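Q: Numbering (full-length UniProt numbering), first residue to last: 1 to 608. Note that beta-carbon positions come from the ideal geometry of N, C-alpha and C, so glycine has one too. From a predicted model like this one, the values you see are computed outputs, not experimental measurements.
1) Which of the three DSSP states, helix, strand or coil, is assigned to residue 102?
2) Pull up the distance between the alpha-carbon of residue 66 and that of residue 204, whole angstroms please.
3) Determine the contact status of residue 235 and residue 206, defining contact as a CB-CB distance below 8 Å.
4) If you follow the beta strand (DSSP E) that residue 90 is part of, which residue opens it and which one closes it?
5) Measuring CA to CA, which of 512, 531, 284, 479 is closest to residue 489?
6) Taking buried to mean at least 16 other C-beta atoms within 10 Å of its own C-beta, is residue 238 buried or exposed?
7) Ignore the nearest five residues each way along the sequence and tell me which others in residue 323's own chain have a CB closer than 7 Å to its CB.
8) How many Å lie between residue 524 and residue 327 at the Cα?
9) Taking 8 Å as the limit between beta carbons, can you name the residues of its chain near residue 106, skipping five residues before and five after?
10) With a Cβ-Cβ cutoff of 8 Å, do residue 224 and residue 93 count as a contact?
11) Applying the criterion that 16 or more other CB atoms from any shown protein chain within 10 Å of the CB defines a buried residue, is residue 501 buried or exposed?
12) Anyone know if the C-beta pair for residue 191 and residue 419 falls short of 8 Å?
13) So the beta strand (DSSP E) residue 75 belongs to, where does it begin and stop?
14) Can you tell me the Cα-Cα spacing of residue 536 and residue 480, whole angstroms?
15) Note down the Cα distance separating residue 335 from residue 189, rounded to an integer number of angstroms.
16) Using the beta-carbon count (16 or more within 10 Å), is residue 415 buried or exposed?
17) How big is the Cα-Cα spacing for residue 251 and residue 274?
18) Counting beta carbon pairs with one atom in the stretch 77 to 89 and one in the stretch 167 to 182, are three or more of them shorter than 8 Å?
19) Determine the burial state of residue 562: buried for a count of at least 16 other Cβ atoms within 10 Å of its Cβ, exposed for fewer.
20) Using a Cβ-Cβ cutoff of less than 6 Å, which residues in the same chain neighbour residue 132 once the five nearest sequence positions on both sides are dropped?
21) Does residue 496 come out as helix, strand or coil in the three-state DSSP assignment?
22) Measure the C-alpha to C-alpha separation of residue 379 and residue 433 and round it to an integer number of angstroms.
23) Buried or exposed, going by whether 16 or more other CB atoms sit within 10 Å of the CB of residue 13?
24) In the structure shown, what three-state DSSP assignment does residue 239 receive?
25) Around the C-beta of residue 144, are 16 or more other C-beta atoms found within 10 angstroms, so that it is buried, or is it exposed?
26) Mind checking which residues open and close the alpha helix (DSSP H) that includes residue 453?
27) For residue 572 and residue 208, what's the separation of their Cα atoms in angstroms?
28) Given residue 218, which residues of its chain have a CB within under 6 Å of its CB, disregarding the five upstream and five downstream residues?
29) Pick out whichever of 421, 407, 588 has its Cα sitting closest to the Cα of residue 464.
30) Please give the ranges of any alpha helix (DSSP H) in the stretch 21 to 60, keeping only runs that are unbroken, at least 4 residues long and fully inside the region.
31) For residue 544 versus residue 513, is the C-beta distance shorter than 8 Å?
32) Could you give the residue range of the beta strand (DSSP E) that holds residue 421?
33) Ignore the nearest five residues each way along the sequence and tell me which others in residue 71's own chain have a CB closer than 6 Å to its CB.
34) Within 10 angstroms of the Cβ of residue 575, are there 16 or more other Cβ atoms? Answer buried if so, exposed if not.
35) Report back the beta-carbon spacing between residue 25 and residue 9 to the nearest angstrom; my notes put them in contact at under 8 Å.
36) With distance defined between alpha-carbon atoms, name the residue in 148, 175, 227 nearest to residue 112.
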């Protein structure tokens, strides 16, 4: 067998087909936790081969882009592999709600951005699209779908034995697919992932996560995001594990289903962003947890969001009676521009002096330090042998001294060549050079800030989101966590903090907070209580006065399809007045220039 680093995914799958065609590879779990559909290696080969043979007849040529608009299902897996087999670039996307013109418009922009030739889907979504378009008419919305052919991949294809006459890649630099970024700080970009990138990442995943014979995974993570697509689905296609998939909606409706399934099948690995660990603790009882057996879990990967110390402690304590080992929790850091992962296996916690952190310095303090020290969870070490990660001043491009916080720059075999159709931006982001030394490498500028301590990477936040108040660096996620803890009515993970330029002669930027409250109808006194509690908690924790607090119902805070807060979008919506006018907004509370609170006033939504 050829080395893992040169085994492109279609090639690796065909080798698996020759060796173990009857091996069960994927199982899809329904809302009730039942195994709804199973897919063996031979079954996947047949589905992928049928798609690969159908694409030329649909006028889709090698190198064309095919949008994959599938709800969570095994149909997506066959379509994705079928495109790779035909030399067509799959573009997995979140299926837009057909009833909402705004979501369909965003989908149309993405289709234009990648110059798609076709849309692949299944019957479930095709029916929803037709019904949704009718519903939009009755709600007086104008829904404009892109002018593209739609083709179903779950019927009407060849049902004969697979021919497996696939266009196997020979050049590691050949594009394999486009992975769109989440759009948390800007409009989504289509990252060009090459066959070499994908092969290197699946091989690294197998090594870092201990995947192989006997490995069993469980995942609800969206299939159109890098964590689900690469670390889960592509790794399974390569034969690194047998995997049980479920819809993200199934998890959100009943979070216990995730770990109940892991217990039932004896899962050895799973992955999720930080919010999921908080949610599954809140939505399960001690009795439910004690009934589980999570002792086989060797890796519980936490990635995609900042890892909170309190989340880790709460999750491990809650599921200890189920046999979950503390060492199984596995923080990691990565991004789509580097295929998925950069560092793996966080094991260290650091308490840092808050005042030094505000100056851009990471100064560890002991357990006897003041209570206002900031605790961070490490995101692991650089495990890919060819990779190098550096901390660089984002302005001067000079390397940062040890202990100084800077931008995280990455070079490795999994670094993508760039964004589709954005050559100038790709040169700036993917081919940066460090000044002041003779390092010959070109680096990916991640836009994230962090530092190394004892060879472990610690991430402090996004450079674009950083707020500077009174000359101090203020990380929005820290302010958001304080605000979230200020009042019991505030929804976890539904707070956005950002800064606006000073005005009216003031010297400092204005800090604005959007907070969502739980379902219900809080009265005016409760809304004022939330505002006061948020202001007080943020001032106590960060010595910062919040200029504006917006209290709203669910939907006030803009998020990506993966649940990340879109702070830039929140800021733009606030500056344009869209937040203040929104039907979800209940209260907007400002400060006068002298710092005197204005009377809390209802938003437009509260007046309707």
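A: Straight from the coordinates:
1) Working through the chain shown from its first residue, we reach residue 102 at position 102. If DSSP states are grouped into helix, strand and coil, residue 102 belongs with the helices.
2) As a position in the chain shown, residue 66 is number 66, starting the count at 1. As a position in the chain shown, residue 204 is number 204, starting the count at 1. Approximately 27 Å between the Cα atoms of the pair.
3) Here residue 235 corresponds to residue number 235 of the chain shown, with the count starting at 1. Here residue 206 corresponds to residue number 206 of the chain shown, with the count starting at 1. Against a cut-off of 8 Å, the Cβ pair of residue 206 and residue 235 comes out as a contact.
4) Counted from its first residue, the chain shown places residue 90 at position 90. Looking at the DSSP string, the run of the beta strand (DSSP E) that includes residue 90 is 89 to 92.
5) As a first step, residue 489 is located in the chain shown; it is residue number 489 there, counting from the start. Looking at the Cα atoms, 531 is the closest of the given residues.
6) Working through the chain shown from its first residue, we reach residue 238 at position 238. With 16 or more Cβ atoms within 10 Å of its Cβ, residue 238 is classed as buried.
7) Indexing the chain shown from 1 puts residue 323 at position 323. Closer than 7 Å at Cβ, skipping near neighbours: 293, 294, 295.
8) Counted from its first residue, the chain shown places residue 524 at position 524. Counted from its first residue, the chain shown places residue 327 at position 327. One C-alpha to the other measures close to 47 Å.
9) Counting from one through the chain shown, the residue named residue 106 turns up at place 106. Here the set comprises 96.
10) Working through the chain shown from its first residue, we reach residue 224 at position 224. Working through the chain shown from its first residue, we reach residue 93 at position 93. In this structure, residue 93 lies closer than 8 Å to residue 224 by Cβ.
11) The count along the chain shown starts at 1 and reaches residue 501 at position 501. By the 10 Å Cβ count, residue 501 comes out exposed.
12) For the purposes of this step, residue 191 is taken as the residue at position 191 of the chain shown. For the purposes of this step, residue 419 is taken as the residue at position 419 of the chain shown. Taking 8 Å as the Cβ cut-off, residue 191 and residue 419 qualify as a contacting pair.
13) In the chain shown, the residue the question calls residue 75 occupies position 75. Run containing residue 75: none in the beta strand (DSSP E); it sits in the alpha helix (DSSP H), 74 to 86.
14) Taking the first residue of the chain shown as 1, we reach residue 536 at position 536. Taking the first residue of the chain shown as 1, we reach residue 480 at position 480. Rounded to whole angstroms, residue 536 to residue 480 spans 13 Å at the Cα level.
15) For the purposes of this step, residue 335 is taken as residue 335 along the chain shown, with counting starting at 1. For the purposes of this step, residue 189 is taken as residue 189 along the chain shown, with counting starting at 1. Approximately 12 Å between the Cα atoms of the pair.
16) Along the chain shown, read from residue 1 onward, the residue named residue 415 stands at position 415. So residue 415 ends up on the buried side.
17) By one-based count along the chain shown, residue 251 stands at place 251. By one-based count along the chain shown, residue 274 stands at place 274. Spanning the two alpha carbons is a distance of roughly 14 Å.
18) yes
19) Mapped onto the chain shown, residue 562 falls at position 562. Buried: at least 16 other Cβ atoms inside 10 Å.
20) The residue given as residue 132 occupies position 132 in the chain shown. The answer, listed in chain order, is 98, 99.
21) Position 496 of the chain shown holds residue 496. Residue 496 falls in the strand class under three-state DSSP.
22) For this step, residue 379 is matched to residue 379 along the chain shown. For this step, residue 433 is matched to residue 433 along the chain shown. If you take the alpha carbons of residue 379 and residue 433, they lie about 24 Å apart.
23) In the chain shown, residue 13 corresponds to position 13, counting from 1. Buried: at least 16 other Cβ atoms inside 10 Å.
24) Translated into the one-based positions of the chain shown, residue 239 becomes position 239. Note: residue 239 maps to coil in three-state DSSP.
25) Position 144 of the chain shown, counted from the start, is the residue given in the question as residue 144. Exposed: under 16 other Cβ atoms inside 10 Å.
26) Locating residue 453 in the chain shown gives position 453, counting from the first residue. Premise fails: residue 453 lies in the beta strand (DSSP E), 444 to 453, not in any alpha helix (DSSP H).
27) Residue 572 sits at position 572 when you count from the first residue of the chain shown. Residue 208 sits at position 208 when you count from the first residue of the chain shown. If I take the Cα positions, the gap works out to 40 Å.
28) Counted from its first residue, the chain shown places residue 218 at position 218. Excluding residues within five positions, the ones whose Cβ falls inside 6 Å are 244, 261, 262, 267, 270.
29) Here residue 464 refers to the residue found at position 464 when the chain shown is read from its first residue. Checked all of 421, 407, 588; the closest Cα to residue 464 is 407.
30) 41 to 57
31) Mapped onto the chain shown, residue 544 falls at position 544. Mapped onto the chain shown, residue 513 falls at position 513. Result no, Cβ atoms of residue 544 and residue 513 do not sit closer than 8 Å.
32) Position 421 of the chain shown holds residue 421. Element bounds for residue 421: n/a, residue is neither H nor E.
33) In the chain shown, the residue the question calls residue 71 occupies position 71. So the list reads 95, 124, 125, once near-sequence residues are dropped.
34) Start at 1 with the first residue of the chain shown, and residue 575 comes out as number 575. Label assigned to residue 575: exposed.
35) Residue mapping note: residue 25 aligns to position 25 of the chain shown, counting from 1. Residue mapping note: residue 9 aligns to position 9 of the chain shown, counting from 1. That pair is no contact at about 13 Å.
36) Taking the first residue of the chain shown as 1, we reach residue 112 at position 112. For the residues 148, 175, 227, the minimum Cα distance to residue 112 belongs to 148.
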